[in-house]
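Its first residue numbered 1173, the sequence shown is counted upward by one per residue in my numbering. Even for Gly, the Cβ is constructed at its ideal location relative to N, Cα and C. No experiment lies behind these values; they were computed from the predicted model shown. Below: one structure, written as structure tokens.
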Amino acid sequence: LLMDAMVPVYTKSFSTIKDNLHRLGDIRRAVFSYNQYSSRYDKLKNGIIENAFRPELGSGALTDIGVYLIECAVNLFGEPINFIGNNYRLYTEAIGQGSVIFTYDDMDCVIMYSKIIDSFSPCQIIGEEGIIEFSNINRLSRVKFIDRNKNEEILIDDDRPAMSYEIEHFIYLVKNNLTDSYVHPLNFTGLSIKLMDEINNF
């Protein structure tokens, strides 16, 4: 058994998002944002280079933060037809922040990630009939639905430790002699890695 321990996709909140996508009608746009000012960034500005900003170690905003957004997008929407984007690199050549637009048949997914700014903008999946909104994509908990008349409904507000879901799922797979996760199969991980390798070249 080999399973990608991508925390948010195994949570009850993520399954709640998937279970309510039909309420949106035709989905036209998703906006996934995760921006967190790194505790090590001030040291970098003072010339002290720690592992978080060493690209030779695979670190940077894309791999540390953008991975959550990209793997969730792949799980929800599949492989994009095309994508464009841009990365801002720091003097170490590590990616400090970036953005990507995944294009699908009738929608797009805007992805924004950063380790050099904070942002409190929620993530949204936007359809013709409403919006699903959530924050903290790396540790999903609260999800709400907003209809076209701006009526809000809390779909879930889960305070259970997020990592407990992936552990529980892994144990289930082992006990049932399964070699791949049906929640987040390895082909999703492989596609995400392929996309990130290309995005890293922006």
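Span separating the alpha-carbon of Ser1336 from that of Tyr1206
Rounded to the nearest whole angstrom, the C-alpha separation of Ser1336 and Tyr1206 is 22 Å.
What are the boundary residues of the alpha helix (DSSP H) that includes Glu1340?
From DSSP, the alpha helix (DSSP H) with Glu1340 extends over Ala1334 to Lys1347.
The beta strand (DSSP E) enclosing Val1239, as first and last residue numbers
No beta strand (DSSP E) holds Val1239; the alpha helix (DSSP H) holding it covers Val1239 to Phe1249.
Report yes if the C-beta distance between Cys1281 and Phe1249 is below 9 Å; otherwise report no.
A Cβ-Cβ contact shorter than 9 Å links Cys1281 with Phe1249.
Compare the beta carbon distance of Tyr1285 and Gly1238 with 9 Å and say whether it is the shorter of the two.
Contact: yes.
How many Å lie between Lys1347 and Arg1261 at the Cα?
Counting only the Cα atoms, Arg1261 lies some 45 Å from Lys1347.
Could you give the DSSP three-state label for Arg1314: helix, strand or coil?
Reduced to three states, the DSSP call for Arg1314 is strand.
Residues bridged to Val1171 by DSSP?
Summary: the structure shown does not reach residue 1171, with the chain confined to residues 1173 through 1374, and so no result is reported for it.
If the criterion is Cβ atoms closer than 9 Å, does the pair Ser1185 and Val1315 meet it?
One thing to note: Ser1185 has its Cβ within 9 Å of the Cβ of Val1315.
Reduced DSSP category for Thr1361 - H, G, I as helix; E, B as strand; rest coil
Thr1361: helix per DSSP, three-state reduction.
Tell me, please, whether the stretch 1188-1201 touches the stretch 1292-1311 by the rule of three or more beta-carbon pairs shorter than 8 Å.
With a cut-off of 8 Å, the stretch 1292-1311 and the stretch 1188-1201 count as touching, because enough Cβ pairs lie within range.
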